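Below: one structure, written as structure tokens.
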Amino acid sequence: MPDFAPRAQFRKIKYGASYFLPFHAAGRDWTFNSSLTGQQAKTTLYGSEQISIGSIYSVRGFVKGSLSGDTGYYLRNDLSTRSVFTPAGQVLPVRWYAGLDMGSVRNRAAGVPQGALVGAALGASVSWKGANWDISTTCPLATPQGMDKEGCQTWFRLGYSI
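Under the working numbering, read the sequence shown as residues 2 to 163, first letter to last.
Take a look at the structure:
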């Protein structure tokens with residue numbers, strides 16, 4: 002079996018860390034939130050075991066184009082603040098946020114796409130009487146050479162908690 006072929010037995014190290022910093026600036030309360038997720042493997046992995054970057058859950062701004070690799074990481078950063086609106090006497094807390102994400106993957110097998118992605122997001126989320134919604138616009142900022150650059154996308158998520 003060639004060295005670059007995946008095997009059923011393998012070892013990989015998965016890691017993660019997060020950082021949360023509340024602070025006060027410009028007369029407002031802010032939070033900075035950062036989370037790192039990654040893995041390291043010294044052998045070629047099957048696709049189901051690789052780390053993937055490029056989605057609303059990893060590096061925002063990518064829908065059609067994503068990258069997977071045996072070794073890699075992604076870092077998500079959000080800066081947010083809160084405000085309250087009172088339409089028709091109802092209190093609606095709104096969380097405004099801006100995000101900057103980056104990630105990189107590498108593969109042992111030759112000819113497999115690899116590289117780094119950078120994306121950004123701007124959005125708002127509201128929770129009210131069990132309902133919650135989030136609207137955001139995400140944009141790709143950097144892609145590896147040879148990968149098609151996508152346009153910005155707008156996302157809307159709606160949920161309800163019982």
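Glycine included, every Cβ here is placed at the ideal spot set by N, Cα and C.
Predicted model only: the values in this text are computed from it and were never measured.
- Our two residues, F33 and P141, have alpha carbons roughly 21 Å apart in a direct line.
- Taking all protein chains shown into account, Q40 has 16 or more neighbouring C-beta atoms within 10 Å of its C-beta and is therefore buried.
- Not a single unbroken stretch of the alpha helix (DSSP H) spanning 4 or more residues falls wholly within the stretch 56 to 122.
- Counting only the Cα atoms, A125 lies some 13 Å from F86.
- In the same chain as T38, and ignoring 5 residues on each side of it, the C-beta atoms closer than 7 Å to its own belong to G17, Y74 and Y75, in chain order.
- Per DSSP, the beta-bridge partners of I54 are L68.
- G17 sits in a strand when the DSSP states are folded into three classes.
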